[in-house]
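Visitor: The structure follows.
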Amino acid sequence: MRPTILSPPGDKGRPNHVHEILGRRLQAFREAAGIDRPTAEKHISCSASKMSRIERGRSRIKDNDFEALLNRYGVADPNERSAWLELNRRLNGKNWWDSYSDSFADWFCSYLVLESAAEYIRTYECSLVPGLLQTQAYAESIIRTRYSDDEHVRRLVEVRMRRQNMVFEAGGPRLWAIVDLSALTDGVDDTAIMRQQIEFLIEATQFPGVCIQVLRPRPGLCALRNDSFSILRFRSSNLADVVYLENLESAHFLDGPERSEPYRHAISMIGNAADAPEQTRQTLEDVLRTLAR
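In my numbering, the protein residues as written are 565 to 857.
What follows is the structure, encoded as structure tokens:
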């Protein structure tokens with residue numbers, strides 16, 4: 565079951581989680597530089613309440629003010645500066661999903677911001693084909709298990725297809741997807757849709773930016789196979805990996821090395837236990853033949 569991604573009452577689809585990640589990082593930079601908040605406020609002519617909201621992720625910060633604070637805090641590494649400035653620009657600028665975001669929960673808008681900035685996406689799915697590799701028909705079938713309004717379904721499918729296009733475009737993020745073998749046969753009841761989905765995955769194995777592995781049942785992996793999750797890695801090593809976890813009604817973002825490390829370890833174990841990528845095409849062709857019976 566996928567979580568509710570439509571915006572609840574009063575939630576305007578603001579990417580709150582990304583603002584919080586950025587605010588915590590700004591505060592950490594300030595404290596590491598030994599600068600108190602009043603000094604930082606004066607540096608960008610900002611009120612005390614506004615600076616507090618910025619560091620708590622409750623308010624945006626202009627790009628030029630953000631850069632001015634990085635200068636004041638002595639953040640000189642060009643890669644680190646570039647990574648954080650780019651993330652802030654995505655929060656302040658126009659994005660392709662803006663026309664949809666007023667209907668989405670804040671956590672989903674946050675995910676779209678982070679996914680668009682990622683260089684490398686690692687994902688493990690225990691029950692479904694990963695969203696970035698779903699066909700339109702498969703995506704619609706899955707989404708309709710949760711939503712009945714045709715307009716909402718149409719919008720959600722459109723967004724999923726736009727996200728997928730990003731992966732297959734030149735310069736898009738690299739995708740490493742591990743999927744349970746059972747997800748390749750039990751996703752939807754319509755055999756024709758499943759066949760089309762498997763055929764698409766076979767084609768995707770030929771794309772240089774996509775790696776797909778299939779995980780068969782393995783002793784000792786039960787605890788690791790219970791939850792789907794994704795790890796987003798960014799273009800600068802100074803911007804820590806973010807782990808993305810979904811549950812029934814919401815999602816969680818774990819940023820920082822100490823919070824993401826257990827999931828990096830888990831996905832490495834799952835990847836080592838899964839069939840090698842070179843075997844994936846043969847496995848998919850076997851599944852396709854099974855579906856034809």
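Every residue gets a Cβ at the ideal spot worked out from N, C-alpha and C, and that includes glycine.
Measuring straight from C-alpha to C-alpha, what distance separates PHE668 and VAL743?
Guide: For the purposes of this step, residue 668 is identified with residue 104 of the sequence shown, where counting begins at 1. For the purposes of this step, residue 743 is identified with residue 179 of the sequence shown, where counting begins at 1. Distance between the alpha carbons of PHE668 and VAL743 is about 26 Å.
Visitor: Which of the three DSSP states is assigned to GLN777 in this structure?
Guide: As a first step, residue 777 must be located in the sequence shown, where it is residue number 213. GLN777: strand per DSSP, three-state reduction.
Visitor: Does the separation of the CB atoms of ILE685 and LEU765 fall below 8 Å?
Guide: Working through the sequence shown from its first residue, we reach residue 685 at position 121. Working through the sequence shown from its first residue, we reach residue 765 at position 201. Not a contact, by the Cβ cut-off of 8 Å.
Visitor: Can you have a look at HIS581 and say buried or exposed, based on whether 16 or more other CB atoms are within 10 angstroms of its CB?
Guide: On the sequence shown, residue 581 is found 17 positions in, with the first residue counted as 1. HIS581 should be labelled buried.
Visitor: For GLU733, name the three-state secondary structure that DSSP assigns.
Guide: For the purposes of this step, residue 733 is identified with residue 169 of the sequence shown, where counting begins at 1. GLU733: coil per DSSP, three-state reduction.
Visitor: Going by DSSP in three states, TYR684 sits in which element: helix, strand or coil?
Guide: Here residue 684 is taken as the residue at index 120 of the sequence shown, counted from 1. Strand, per DSSP.
Visitor: Taking only three categories from DSSP, how would you classify LEU796?
Guide: Position 232 of the sequence shown, counting from 1, holds the residue named residue 796. LEU796: strand per DSSP, three-state reduction.
Visitor: Whose CA, out of ALA612, SER712, ALA682, GLU631, lies closest to the CA of ARG738?
Guide: The sequence position of residue 738 within the sequence shown is 174, counting from 1. Selected option, being the one with the closest Cα: ALA682.
Visitor: Taking the C-alpha atoms as reference points, what is the distance between ARG594 and ARG622?
Guide: Within the sequence shown, numbered from 1, the residue matching residue 594 stands at position 30. Within the sequence shown, numbered from 1, the residue matching residue 622 stands at position 58. Taking the straight line from one Cα to the other gives about 18 Å.
Visitor: Give a yes or no on whether the C-beta atoms belonging to VAL774 and THR847 are separated by under 8 Å.
Guide: As a first step, residue 774 is located in the sequence shown; it is residue number 210 there, counting from the start. As a first step, residue 847 is located in the sequence shown; it is residue number 283 there, counting from the start. Not a contact, by the Cβ cut-off of 8 Å.
Visitor: Just reading off the beta strand (DSSP E) that ALA815 is part of, what are its end residues?
Guide: By one-based count along the sequence shown, residue 815 stands at place 251. Note, ALA815: beta strand (DSSP E), 815 to 819.
Visitor: Just to confirm, are ASP629 and ILE608 a CB contact at a threshold of 8 Å?
Guide: Working through the sequence shown from its first residue, we reach residue 629 at position 65. Working through the sequence shown from its first residue, we reach residue 608 at position 44. In this structure, ILE608 lies closer than 8 Å to ASP629 by Cβ.
Visitor: Buried or exposed for GLY574, please, with buried defined as at least 16 other CB atoms from any protein chain shown within 10 angstroms of its CB.
Guide: One-based indexing of the sequence shown puts residue 574 at position 10. In this predicted model, GLY574 has a pLDDT of only 45, less than 50, meaning its place in the structure is not dependable; the value taken from the coordinates is given anyway. Exposed.
Visitor: Locate the beta strand (DSSP E) running through GLU849, then write down its first and last residues.
Guide: Translated into the one-based positions of the sequence shown, residue 849 becomes position 285. GLU849 -> not in any beta strand (DSSP E); alpha helix (DSSP H) instead, spanning 844 to 855.
Visitor: Check whether the Cβ atoms of LEU649 and LEU590 lie closer than 8 Å to each other.
Guide: What you label residue 649 is simply residue 85 of the sequence shown in a count that begins at 1. What you label residue 590 is simply residue 26 of the sequence shown in a count that begins at 1. Cβ atoms of LEU649 and LEU590: not closer than 8 Å.
Visitor: Hey, VAL677 and PRO579 are a contact pair by Cβ (cut 8 Å); roughly how many whole angstroms apart?
Guide: Your numbering for residue 677 matches position 113 in the sequence shown. Your numbering for residue 579 matches position 15 in the sequence shown. Contact flag correct, Cβ pair sits at about 5 Å.
Visitor: Hey, how far is the Cα of ARG857 from the Cα of GLU842?
Guide: Within the sequence shown, numbered from 1, the residue matching residue 857 stands at position 293. Within the sequence shown, numbered from 1, the residue matching residue 842 stands at position 278. In a straight line, the C-alpha of ARG857 is about 25 Å away from that of GLU842.
Visitor: How is the alpha helix (DSSP H) around LEU739 delimited, first residue to last?
Guide: Indexing the sequence shown from 1 puts residue 739 at position 175. Premise fails: LEU739 lies in the beta strand (DSSP E), 738 to 744, not in any alpha helix (DSSP H).
Visitor: Look at the Cβ atom of HIS716, then the Cβ atom of LEU655, and state whether they are nearer than 8 Å.
Guide: Taking the sequence shown and counting its residues from 1, one reaches residue 716 at position 152. Taking the sequence shown and counting its residues from 1, one reaches residue 655 at position 91. Contact: no.
Visitor: For my contact list, GLN760 and VAL693 are in at a C-beta cut-off of 8 Å; report their separation, rounded to the angstrom.
Guide: Taking the sequence shown and counting its residues from 1, one reaches residue 760 at position 196. Taking the sequence shown and counting its residues from 1, one reaches residue 693 at position 129. Actually they are not in contact, since the Cβ atoms of GLN760 and VAL693 sit about 11 Å apart, beyond 8 Å.
Visitor: Candidates ARG708, LEU745, ALA815: which alpha carbon is nearest VAL851's?
Guide: Translated into positions along the sequence shown, residue 851 becomes position 287. It is LEU745.
Visitor: Please list, in chain order, all residues of the same chain as SER824 whose beta carbon is under 6 Å from its beta carbon, the five residues on each side excluded.
Guide: Along the sequence shown, one-based indexing puts residue 824 at 260. If we look at SER824 and ignore the five residues flanking it on each side, its Cβ neighbours are ASP805, VAL807, LEU818.
Visitor: Given PRO567, which residues of its chain have a CB within under 7 Å of its CB, disregarding the five upstream and five downstream residues?
Guide: For the purposes of this step, residue 567 is taken as the residue at position 3 of the sequence shown. Any reading at PRO567 is ruled out, since the residue's pLDDT is 45, under 50, leaving its predicted position unreliable.
Visitor: Which value, in whole angstroms, describes the spacing of the CA atoms of ARG780 and ARG724?
Guide: As a position in the sequence shown, residue 780 is number 216, starting the count at 1. As a position in the sequence shown, residue 724 is number 160, starting the count at 1. Those two C-alpha atoms are separated by around 27 Å.
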